[in-house]
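Asks:
Numbering (this note's numbering), first residue to last: 4 to 240.
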């Protein structure tokens, strides 16, 4: 079994930047079409702007060995301007907001939408990405659904990758307010989604008329849930 599979999406590239027997590369437009082909212990989802190099993979391997009970990591991203983007916490006003730049080891609600690493085990329990959502929200949605499968996403200050081109800050993750409300409802329920809607009244009709497909997705995500209230408190600080 390989140690890592890297999914770069959306991408039309065909040649990996380097080859390694413990590393698989998937360049694709739709991750879900190839996800079941993954045979690695860990899967990295990345956009083309993120530099997945040996240094980052070695650092990730050290984190996996150092925190064996963790199922997902939210890497910090060093931008081309030398700034840092970090993982996200739950925010009742914004939906999600970036944790402090000097944050120590902690669990987070979601990664920056450009890169994240998940164990094979937790992916098998959580399922596929929801491609009906804007691409900026897909990893956040997956990370919240993962909570019900017993996984949590971890922030390690020294797990850093770099962007090789300009990328948006995490603020763009919630630019689609209606989609954000649906993500919150799907994994956290109507109460949490309504708290968000209080700050964004335009989404209230969306929550008032929840379609059958969204209710089905919520039931599927939360069936036999392992999520505890203290975890929500932990990823909201």
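Every residue gets a Cβ at the ideal spot worked out from N, C-alpha and C, and that includes glycine.
Give the DSSP-derived three-state secondary structure of residue 8 in the structure shown.
Replies: Strand, per DSSP.
Asks: Is the segment 86 to 98 in contact with the segment 11 to 31, if contact means three or more CB pairs nearer than 8 Å?
Replies: Contact between the segment 86 to 98 and the segment 11 to 31 is absent, because fewer than three Cβ pairs lie under 8 Å.
Asks: Can you grab the Cα-Cα spacing for the pair residue 207 / residue 185, in whole Å?
Replies: Looking at the two C-alpha atoms, the distance is approximately 11 Å.
Asks: So residue 224 is in the alpha helix (DSSP H); what residue range does that whole segment cover?
Replies: It spans 215 to 225 - the alpha helix (DSSP H) in which residue 224 sits, taken as one unbroken run.
Asks: List in chain order: all unbroken alpha helix (DSSP H) runs of 4+ residues lying wholly within the segment 18 to 93.
Replies: Within the segment 18 to 93, the complete alpha helix (DSSP H) runs of at least 4 residues are 35 to 38 and 57 to 69.
Asks: From residue 119 to residue 212, what does the alpha carbon distance come to, in whole angstroms?
Replies: One C-alpha to the other measures close to 33 Å.
Asks: Do you know how far the Cα of residue 10 is from the Cα of residue 81?
Replies: Cα-Cα distance, rounded: 20 Å.
Asks: Whose C-beta lies closer than 6 Å to the C-beta of residue 220 among residues of the same chain, with five residues either side of it excluded?
Replies: The answer, listed in chain order, is 189.
Asks: Please list the terminal residues of the continuous alpha helix (DSSP H) segment that includes residue 143.
Replies: Per DSSP, residue 143 belongs to the alpha helix (DSSP H) from 138 to 151.
Asks: Mapping DSSP to helix, strand and coil, what is residue 168?
Replies: In the structure shown, residue 168 sits in coil (DSSP, three-state: anything other than H, G, I, E or B).
Asks: So, with DSSP's three-state summary, where would you put residue 110?
Replies: The answer is strand: DSSP assigns residue 110 an E or B state.
Asks: Exposed or buried, residue 158, counting other C-beta atoms within 10 Å across all chains shown (16 or more means buried)?
Replies: Buried, because 16 or more other Cβ atoms sit within 10 Å of the Cβ of residue 158.
Asks: Quick test of the definition: if touching needs 3 or more C-beta pairs under 8 Å, does the segment 144 to 162 touch the segment 194 to 201?
Replies: Taking 8 Å as the limit for Cβ pairs, the verdict is that the segment 194 to 201 does not touch the segment 144 to 162.
Asks: In this structure, how does DSSP classify residue 200 when only helix, strand and coil are distinguished?
Replies: Note: residue 200 maps to helix in three-state DSSP.
Asks: How many whole angstroms separate the CB atoms of residue 224 and residue 88, which I take to be in contact at a CB cut-off of 8 Å?
Replies: Not a contact, Cβ separation roughly 26 Å.
Asks: Would residue 200 and residue 191 be called neighbours here (beta carbons separated by less than 8 Å)?
Replies: No, Cβ-Cβ distance for residue 200 and residue 191 is not below 8 Å.
Asks: Determine the DSSP secondary structure at residue 173, reduced to helix, strand or coil.
Replies: Note: residue 173 maps to helix in three-state DSSP.
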